[in-house]
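Student: Protein chains in written order, with my numbering: chain A, 1 to 306; chain B, 1 to 209; chain C, 1 to 490.
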Amino acid sequence: MRDYAIMIIQPAAAMVLAPMLLGVINWVKANFAGRRGQPLLQPYYDLWKLLHKSAVYSSTTSWIFKAMPIVCLSAILLVTFIIPLGFGKTILSFNGDLILAAYLLGLIRFFIVIGALDTGSSFEGMGASREVQFSALAEPAFFIAMAAMARQTSSISFSNIFSAITPQMWATNSATLLLVTAAIVIVLLAENSRIPVDDPNTHLELTMIHEVMILDNSGPDFAFLLYSAALKLWIFAAILVGFILPMNVMPWQISIPVSIAAIFVVSILIGIVESCMARLRLVRVPHLLFTAVALAILALIFTFRN
Amino acid sequence: MWTDIIMVLLILTNMVVLGTSRLRACIRVVAVQGVALGILPLLHSFEWQLLIFAVLSIILKGIVFPVMLSRTLRQLNVWQEESPYVGYGLSLLMGPFALAFSSWISLRLPLPYTIHSTMLIPVALFTLIVGLFIIVSRKKALTQVLGYLVMENGIYAFGMAIAYHQPMLIELGVLLDVFVGVFVMGIAIFHISRQFDHINTDQLSALRN
Amino acid sequence: MMIWALILIPFIAGLLSLFIRVDVLRRSILIAAAVCHTAIITLCWLENPEPILAGWFAFDATAKLFLSIASVLFLCASFYAVGYLKAERHEPKKDFEEEEFFVNAPEAIFTACLLMFLMTMTLAITSQHFGLIWVAMEATTLVSAPLIYFHRHHRSLEATWKYLLICSVGIAISLLGNFFLAIAASAPDGSSIPLMRSDLAANASQLLSPWVKAAFIFILVGYGTKMGLAPLHTWLPDAHSEAPSVVSALLSGTLLNCAFVGILRAYEVTAAAGLLPFAQNLLILFGLVSMAFAAVFIIGQADYKRMLAYSSVEHMGILALGVGLGGAAVFGSMLHTVNHSLTKAALFLVAGNILAVYKTKIASHVKGVFSLISVSGFLWIAGILAITGFPPFGTFLSEFTILKAIIEQGRYFIAAAYLGLLAIIFVSFSAIAFRMAQGRNTENLPAKNERWLSIVPPAVLLFGVLVLGVYVPKQLTNVLHDIALLLGGN
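(1) Would DSSP call residue 168/A helix, strand or coil?
(2) With 16 other CB atoms within 10 Å as the buried threshold, where does residue 364/C fall?
(3) Return the bridge partner residues of residue 129/C from the DSSP annotation.
(4) Could you work out which residues of chain B lie near residue 429/C, taking near to mean beta carbons separated by less than 9 Å?
(5) I'd like to know whether the C-beta atoms of residue 98/B and residue 123/B end up nearer to each other than 8 Å.
(6) Between residue 179/C and chain B, is the shortest Cβ-Cβ distance under 8 Å, so that the two count as touching?
(7) On the DSSP letters alone, give me the boundaries of the alpha helix (DSSP H) that residue 49/A sits inside.
(8) Under 8 Å by Cβ, that's how I've got residue 76/C and residue 457/C pegged, so tell me the actual separation to the nearest angstrom.
(9) Which of helix, strand or coil does DSSP assign to residue 45/B?
(10) For residue 52/C, which residues does DSSP report across the bridge?
(11) Which chain C residues sit within Cβ distance under 8 Å of residue 152/B?
(12) For residue 440/C, count the other beta carbons within 10 Å of its own beta carbon; 16 or more makes it buried, fewer makes it exposed. Which is it?
(13) Quick one: which chain B residues come within Cβ less than 9 Å of residue 282/A?
(14) What ranges does the alpha helix (DSSP H) occupy inside the stretch 47 to 80 of chain B, keeping only unbroken runs of at least 4 residues that lie completely in it?
(15) Closer than 6 Å by C-beta to residue 88/B: which residues in its own chain qualify, once you throw out the five before and the five after it? Chain order, please.
(16) Pull the bridge partners of residue 151/C from the DSSP assignment, please.
(17) Between which two residues does the alpha helix (DSSP H) containing residue 408/C stretch?
(18) Quick one, which residues of the stretch 43 to 67 of chain B are near chain A if we go by CB-CB under 7 Å, in chain order?
(19) Helix, strand or coil for residue 135/B per DSSP?
(20) Taking the beta carbon of residue 72/A as the centre, do at least 16 other beta carbons fall within 10 Å, making it buried, or is it exposed?
(21) Going by DSSP, name the residue or residues bridged to residue 315/A.
(22) Report back the beta-carbon spacing between residue 240/C and residue 252/C to the nearest angstrom; my notes put them in contact at under 8 Å.
(23) Identify the contact partners of residue 193/B in chain A, using a Cβ-Cβ distance below 7 Å as the criterion.
(24) Give the residues of chain A in contact with residue 10/B, contact being defined as C-beta atoms less than 7 Å apart.
(25) Please go through the same chain and pick out, in chain order, the residues whose beta-carbon is closer than 6 Å to the beta-carbon of residue 280/A, but skip the five residues on each side of it.
(26) Could you tell me whether any Cβ in chain B is nearer than 8 Å to the Cβ of residue 303/A?
(27) Could you work out which residues of chain A lie near residue 5/B, taking near to mean beta carbons separated by less than 9 Å?
(28) Taking one C-beta from the stretch 144 to 159 of chain B and one from the stretch 16 to 33 of chain B each time, how about it: are there three or more such pairs within less than 8 Å?
(29) Can you confirm whether the stretch 172 to 187 of chain B touches the stretch 140 to 155 of chain C when touching is taken to mean that 3 or more C-beta pairs between the two stretches lie within less than 8 Å?
(30) Kindly list, in the order they appear in chain B, the residues whose Cβ is closer than 7 Å to that of residue 298/A.
(31) Identify the continuous alpha helix (DSSP H) that holds residue 278/A and give its terminal residues.
(32) What residue range is occupied by the uninterrupted alpha helix (DSSP H) comprising residue 344/C?
(33) By Cβ distance below 8 Å, which residues in the same chain neighbour residue 204/C in space, the five residues on each side in sequence not counted?
(34) What residue from 200/C, 88/C, 330/C has the CA that sits closest to residue 482/C's CA?
(35) Could you name the residues of the same chain whose beta carbon sits closer than 8 Å to that of residue 83/B, not counting the 5 residues immediately before and after it, in chain order?
(36) Considering only residues of the same chain and omitting the five flanking positions on each side of residue 38/C, which have a CB-CB separation below 7 Å?
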């Protein structure tokens, strides 16, 4: 009974609360800038509005462009069913779900990129090329960081890794955990197109990465993509929280609210980062990602020492 | 745990030094590194001698050097390391390889006794290699001095691993030498900037054969 | 007590000369300190002084030999320096290579650094504790850097920067070597043997050999950088060619020896720990590589001061080779240390005389030294013959001793390389140097009277080499034998 409750609450919380993360980030940024800002629930209104519009398709696009939002949404939902909140098994938990999750995220990127290329627009092509360039660095960082955690906890499933994080592990292996955390933070910012890698609020297509790729999507398609982006942010925040917080020490009734609270804290932190920093010049972005790769490799090296 | 955190701090500061072109940030990061290293010996044993030495080295590396180097920076009005011999991305990737290499070395040369942290030796060697790398891969004289300091920090960290404590007099002598060394190099940089209107050492190429 | 005097006299004199404004007084302090230093060294030969500071500084055989060389050389150099400083003007003057004006460093700083240089060398040579050797060695680098930057123009600045950076990095590496040695000297329970030379040598069997090996490599590379062993010698030609000649003489004749002492101390411990063959092979390798590098760069060298600098690299190679060969070659190598220091210092001083008259360091622009400044020309030829190992100079004797040892050991390949490289260097050296001495000067430079202070010091040094070629005093032989015994020779 307890397990089923966890299994249902975890994805339900993600699906319901994910758009709120975007709202929180915007709220923090508005507060920092001294503005009143949008209401917290604005992303929900946006989604609602978009779902009630009809999509417009360019005559040059093919079925790929139409399939792209659906593939993205379904893939990200699958990942949502893999990543646990707090600890405990999820519906899709199995030994090796680490790799499935990473590849599903890769699949999303692949479809967004070919969907963008399918429009034949030069802006979208440019965004796609940047996306591929940066993800070629962000993905290794993510994979290596995962590998380091897998080695550290000797398991290749998210739920096992999350349960293996204990205060004692922080006492003995803080080096690995710190380095992985640092790497994941950079990957999180890069994968979710946040500052300092990409500016989600920019209006200048020349500097966009993610936004420019979905310029041509409209109506429900765009709603799907927006919702996928929110879920993706939720997932990365959940991974980060799971790697940092030792959830094993508390009962599940507490650990789930604590995790959710922690995820919102992450989004507040993202908001603060975005308020304090400017976007990096595009040529400098690879350096940041190189740093993430390097940190992840360092973490992996440290796991070999024990 | 605190030793581990300091080790990670050392690694991170090394990575920042490898990846940044802003000299001011570099100076600060090297200062942070020096302070972290100064705290390190106090985590495990507390003696008056050790405390005095730690305080001295923290003052030197955390306050005196950064102030001195920042002043030079202001006088010379150079803020950036432009076009180093090895780019920043490649330098950053060099980091993990250097750490892997130093881990391998430290496995090959086992210590005869146990120390607080198994990471100390590899991280010390790593810092040393990063310092050497900065010296050979950067053009600005000031960055080379920073590389020298990083290298010195690595050697200092290595000294922490030694169960045998050198007599106080010698430790102070080493510290004094480093201080005077940086001081003399600072003066030399000042003269270089006056003679050449810049501090790029790749332009120091009149002497050949 | 005597050792205290050896350290404190140059220190106090150095401090004093910083604050004295009268040139004559400052120069006489320089000379007085040098004379006192040499006088005390002479006393030390008569009666061995007590170690001080619980044995941290002692006057053992190695210190005796190397400190005596340093002291005598410094004495000659200080007389020469006084003449040199008199001739140098204070106001800005024209750089003769590029049409720019430059000034000299203040004379007070120059004199103070010279004296401090003597003090730090005394410290480095007499100290018995490895940590202390390191501290003193780094200090020699720091106080000699301003000496190289006496002429404040951009070439000497470049040389100074390279010297500072390369030597500091090298010496930092040898600090790591010292730490390795400390680890080698510790037991699993954390107790350890003090890093004193005598303690380490006495308990050498307890040292951990992998760490001793690593320590020796790092110390060799570190101090080898400063000693000028190829391929770590890159600072050496620049510093020697750009420094004032009197400083070049001191760098070549004493500073390189200092670094060599550092290596010898580590070598002694390594040998005592039963790793003699390992250390020997390394020294032979570095020795031959240095000689080869020097030979390549001396062929067709345009700048005669750089030529002398590369010759220093060559001779450092010979020293390392001699020690590495073991047996009788160690004795030869120690004797060669004396000969090389005296000869090379004399040559640099004479090169300074030539430079002062001809205002160029390009060998092909110098013609007719004989006819213009005949005494310097004579000394130049004598010095060149001495440095290339021509009989009856002492260098011939020492180089021949090493050769004999190589052949007795049956290492014919090394013998062939040694002889071949010496021959190449001899030919290229004399081709460059004799052309400078002969002919008549085309620039119509006026004939000059040579000052006593600029020709007597090199003449004395060369005379010493000549004497050593004919007769080696008994006391010196004893000291050389003592050192050779410590270093695995006989």
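Glycine included, C-beta positions come from ideal geometry on N, C-alpha and C.
Tutor: A quick look at the data gives this:
(1) helix
(2) exposed
(3) 196/C
(4) Simply none; closest approach about 15 Å.
(5) no
(6) yes
(7) 42 to 51
(8) 4 Å
(9) coil
(10) 57/C
(11) 172
(12) exposed
(13) Within chain B, no residue comes near residue 282/A; the closest Cβ sits about 13 Å away, beyond 9 Å.
(14) 48 to 58, 65 to 76
(15) 19
(16) 104/C
(17) 394 to 408
(18) none
(19) helix
(20) buried
(21) A query on residue 315/A cannot be resolved here, the shown segment of chain A reaching from 1 to 306 and no further.
(22) 6 Å
(23) None at all; the shortest Cβ gap to chain A is about 27 Å.
(24) The premise fails here: residue 10/B is roughly 10 Å from chain A at the closest Cβ pair, so nothing lies under 7 Å.
(25) 196
(26) no
(27) 174, 175, 178
(28) yes
(29) yes
(30) 11, 96, 99
(31) Premise fails: residue 278/A is in no alpha helix (DSSP H) and is neither H nor E.
(32) 328 to 358
(33) 269, 272, 273, 274
(34) 330/C
(35) 139
(36) 71, 72, 75
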